[in-house]
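S.K.:
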Amino acid sequence: MNNPGTVLNNWHALHALSIAMLKLAHSGQWDELIEKEMEYVQLVEGIAQNPISACPPAQIEQARFILEKVLQNETELKGLLKTRMDDLRNLITQTGKQQSVTSTYGKLSGNILYPENLTRDPQL
Numbered sequence: 006m007n008n009p010g011t012v013l014n015n016w017h018a019l020h021a022l023s024i025a026m027l028k029l030a031h032s033g034q035w036d037e038l039i040e041k042e043m044e045y046v047q048l049v050e051g052i053a054q055n056p057i058s059a060c061p062p063a064q065i066e067q068a069r070f071i072l073e074k075v076l077q078n079e080t081e082l083k084g085l086l087k088t089r090m091d092d093l094r095n096l097i098t099q100t101g102k103q104q105s106v107t108s109t110y111g112k113l114s115g116n117i118l119y120p121e122n123l124t125r126d127p128q129l
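Just so you know, the sequence shown maps onto residues 6 to 129 in our numbering.
#1: Among His20, Ile52, Gly10, Leu27, which residue has its Cα nearest to the Cα of Gly84?
#2: From Gln54, Ala59, Thr11, Asn15, pick the residue whose C-alpha is nearest to that of Leu72; which is it?
#3: Smallest Cα separation from Trp35: which of Lys102, Ser105, Thr100, Lys87?
#4: Using the three-state DSSP reduction, which class does Asn78 fall into: helix, strand or coil?
#5: Closest to Ala21 by CA distance: which of Ser32, Leu48, Gly33, Ile39 is it?
#6: Measure the C-alpha to C-alpha separation of Val75 and Ala25 and round it to an integer number of angstroms.
#7: How big is the Cα-Cα spacing for Met6 and Tyr45?
#8: Can you have a look at Asn57 and say buried or exposed, based on whether 16 or more other CB atoms are within 10 angstroms of its CB?
#9: Any idea if Ser23 is buried or exposed, counting beta-carbon neighbours within 10 angstroms, 16 or more meaning buried?
#10: In chain order, which continuous runs of the alpha helix (DSSP H) of length 4 or greater are located wholly inside the stretch 29 to 101?
#11: Count the other C-beta atoms from every protein chain shown that fall within 10 angstroms of the C-beta of Ala68, then say buried if there are 16 or more, exposed otherwise.
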């Protein structure tokens, strides 16, 4: 049988880790967040292998409360990650456009354009 104190400590550690991950996301420390995410997954796997269902009802209720908090943190974290992904997508799009403009103007370098070479609107 699992030690009820150890099992509940793992739930508390999961909650603390989810808070740390939120703080990293809010401060834009994305590399550190990924490292914490690996710890998080390992802790979740450990909790899954040691179910709290064998513990006394009071500890099960504590774990349920902690789980609700962890799920709230996950929801907030997913929102922050979506915003980050949108920002990165915009940067990639902007970089692609910038490269296209640079390439186009690079092809024109060394060419001198004179007004008579430009197509004129016949209505002018």
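In this text, a Cβ means the ideal position worked out from N, Cα and C, and glycines have one as well. On a predicted model such as this, the values are computed, not experimentally measured, just so you know.
M.R.: If we stick to the structure as given:
#1: Taking the sequence shown and counting its residues from 1, one reaches residue 84 at position 79. Minimum Cα distance to Gly84 is reached at Leu27.
#2: Working through the sequence shown from its first residue, we reach residue 72 at position 67. Scanning Gln54, Ala59, Thr11, Asn15 for the CA closest to the CA of Leu72 turns up Asn15.
#3: For the purposes of this step, residue 35 is identified with residue 30 of the sequence shown, where counting begins at 1. The option with the nearest alpha carbon to Trp35 is Lys87.
#4: In the sequence shown, counting from the first residue as 1, residue 78 sits at position 73. In this structure, DSSP gives Asn78 a helical state, which the three-state scheme calls helix.
#5: The residue you call residue 21 lines up with position 16 of the sequence shown. When each option's Cα is compared against that of Ala21, the closest is Leu48.
#6: Stepping through the sequence shown from its first residue, residue 75 is reached at position 70. Stepping through the sequence shown from its first residue, residue 25 is reached at position 20. For Val75 and Ala25, the gap between their C-alpha atoms comes out near 11 Å.
#7: For this step, residue 6 is matched to residue 1 along the sequence shown. For this step, residue 45 is matched to residue 40 along the sequence shown. At Met6, the pLDDT of 46 sits below 50, so the modelled position is not reliable; the number obtained from the coordinates is stated separately. Our two residues, Met6 and Tyr45, have alpha carbons roughly 24 Å apart in a direct line.
#8: Stepping through the sequence shown from its first residue, residue 57 is reached at position 52. Here residue 57 turns out to be Ile, not Asn, going by the sequence shown. With 16 or more neighbouring CB atoms inside 10 Å of its own CB, Ile57 falls in the buried class.
#9: Stepping through the sequence shown from its first residue, residue 23 is reached at position 18. Ser23 should be labelled buried.
#10: If we require 4 residues or more, the alpha helix (DSSP H) runs fully inside the stretch 29 to 101 come out as 35 to 54.
#11: By 1-based counting over the sequence shown, the position of residue 68 is 63. Buried: at least 16 other Cβ atoms inside 10 Å.
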